[in-house]
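Undergrad: Numbering (the UniProt record's numbering), first residue to last: 1 to 111. From the three backbone atoms N, C-alpha and C, an ideal C-beta is built for every residue, glycine too. Everything numeric in this text was worked out from a predicted model, so none of it was measured.
#1: Mind checking which residues open and close the alpha helix (DSSP H) that includes residue 109?
#2: With a threshold of 8 Å on Cβ separation, who are the neighbours of residue 56 within its own chain once the five nearest residues in sequence on each side are excluded?
#3: Would you give the residue range spanned by the alpha helix (DSSP H) that residue 85 belongs to?
#4: If I'm right that residue 39 touches residue 87 with Cβ under 8 Å, what's the distance once you round it to whole angstroms?
#5: Roughly how many angstroms separate the alpha carbons of residue 108 and residue 35, rounded to a whole number?
#6: Check whether the Cβ atoms of residue 73 and residue 48 sit closer than 8 Å, and answer yes or no.
#7: What is the residue span of the alpha helix (DSSP H) that residue 57 lies within?
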């Protein structure tokens, strides 16, 4: 049986939660957060929190209790990959790389 996911569910799975998601200045940073979620899926075959129901997920976002700690999300990844992922999944959008070019520079510095 084929599972069809709604656009809201896909957004939930591949976008790091942020209350500022609608602001244009935040969109690039969210895209880099999405890259982080994609990296998690590459390591685990599932996006972060895939098994959490939508209701639980939304409540956890509101309560700010979700952990995007790379050591928990991809424990078998190298320390370098965990460091890069920690930059992409920063809770503080101001600390997250601003552009793909900036993320590439960080990636090259780490590896």
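TA: If we stick to the structure as given:
#1: Counting along the chain, the unbroken alpha helix (DSSP H) around residue 109 starts and ends at 100–110.
#2: Excluding positions up to five away in sequence, the list is empty.
#3: From DSSP, the alpha helix (DSSP H) with residue 85 extends over 79–88.
#4: The distance from the Cβ of residue 39 to that of residue 87 is about 11 Å, inconsistent with a contact at the 8 Å cut-off.
#5: Between residue 108 and residue 35, the C-alpha separation is close to 16 Å.
#6: Going by C-beta atoms, residue 73 is nearer than 8 Å to residue 48.
#7: Element bounds for residue 57: 54–63.
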